[in-house]
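What follows is a short report on a single structure.
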Amino acid sequence: MKLSIIAGLASGAMIAACSGDKNVGADSAAAKPTPAAATASSASGGATDGESAAPITGQTIEVKMLQDAQGNYRFDPANLTIKTGDGVKFTMVSGGPHNVAFDPSQIPAAAKAQLSANMQQQVSELSSPMMMNPNETYTISFGKIPPGKYPYHCTPHLALGMQGTITVQ
Ligand SMILES: [Cu+2]
């Protein structure tokens with residue numbers, strides 16, 4: 635009884651080992667582009683932990699965070715085009731709490747470390763603290779942030795469509 639179980643386990647293990655070997659071969663071939671891409675992005679993005687905050691050197695544009703007369707939660711303006719070095723000041727107007735959060739999976743690897751360095755008091759990766767009271771503000775410098783699209787949202791109101799995109803030219 636025990637022997638047959640062991641034999642069964644052993645043959646099962648051998649099958650697993652065989653198929654495992656095949657998978658390893660397939661995985662290593664499929665995985666090759668990933669380390670290469672990671673190397674390329676870390677080379678262009680610099681050290682992941684070594685970025686320091688880059689100051690605002692251009693204009694600072696205000697984005698209001700509000701609940702409008704129709705009851706909709708939104709950033710105003712939701713879509714904004716700025717230049718590298720500009721800043722965006724988010725101002726809590728009504729309907730809070732609001733925050734400013736970038737989905738890390740939507741931010742280019744080459745930009746993530748700098749954006750993170752430029753965001754003060756993050757409560758989680760690329761997420762600002764909550765703003766509860768009118769006239770609270772949160773300013774993000776886009777100093778040294780490369781051109782691209784940076785979609786963002788308000789965590790409490792994401793399901794209600796409170797989101798926007800900052801395009802850096
Ligand atoms: Cu909100």
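If you're matching positions, the sequence shown starts at 635 in this note's numbering and goes up one per residue. Even glycine gets a Cβ: it sits at the ideal position worked out from N, Cα and C.
Across the set L794, Q797, P738 and G777, the C-alpha of G777 shows the shortest separation from the C-alpha of G692. Within the same chain, T694, E696, T771 and T773 come within 6 Å of K723 by CB-CB distance, once the 5 residues on both sides are set aside. With fewer than 16 neighbouring CB atoms inside 10 Å of its own CB, N713 falls in the exposed class. The region 732-742 and the region 781-798 touch, with three or more beta-carbon pairs separated by less than 8 Å.
In terms of Cβ geometry, G729 and Y707 form a close pair [threshold 7 Å]. The three-state secondary structure of N752, taken from DSSP, is helix.
Residue pairing for S761: DSSP places it in a beta bridge opposite A735 and S758.
Comparing alpha-carbon positions, the option among A688, L749 and V727 lying closest to P768 turns out to be V727.
With contacts defined as CB atoms closer than 7 Å, V802 and I716 qualify as a contacting pair. A heavy atom of ligand 1 is found nearer than 6 Å to the CB of H791.
Residue burial annotation: K746 is buried, with at least 16 other C-beta atoms found within 10 angstroms of its C-beta. Short of 8 Å from the beta carbon of P711, and not among the five residues preceding or following it, lie these beta carbons of its own chain, in chain order: V697 and G798.
In the three-state reduction of the DSSP assignment, K698 falls in the strand class, which pools E and B. Taking a contact as a CB-CB distance under 8 Å, the pair S750 and A688 does not count as one, their CB atoms being some 12 Å apart.
Taking 8 Å as the upper bound for CB-CB distance, T718 and I779 are in contact here, some 6 Å apart. Taken through DSSP and simplified to helix, strand or coil, Q797 comes out as strand.
In this structure, DSSP gives K778 a state outside helix and strand, which the three-state scheme calls coil.
According to the DSSP secondary-structure assignment, N713 is paired through a beta bridge with T799.
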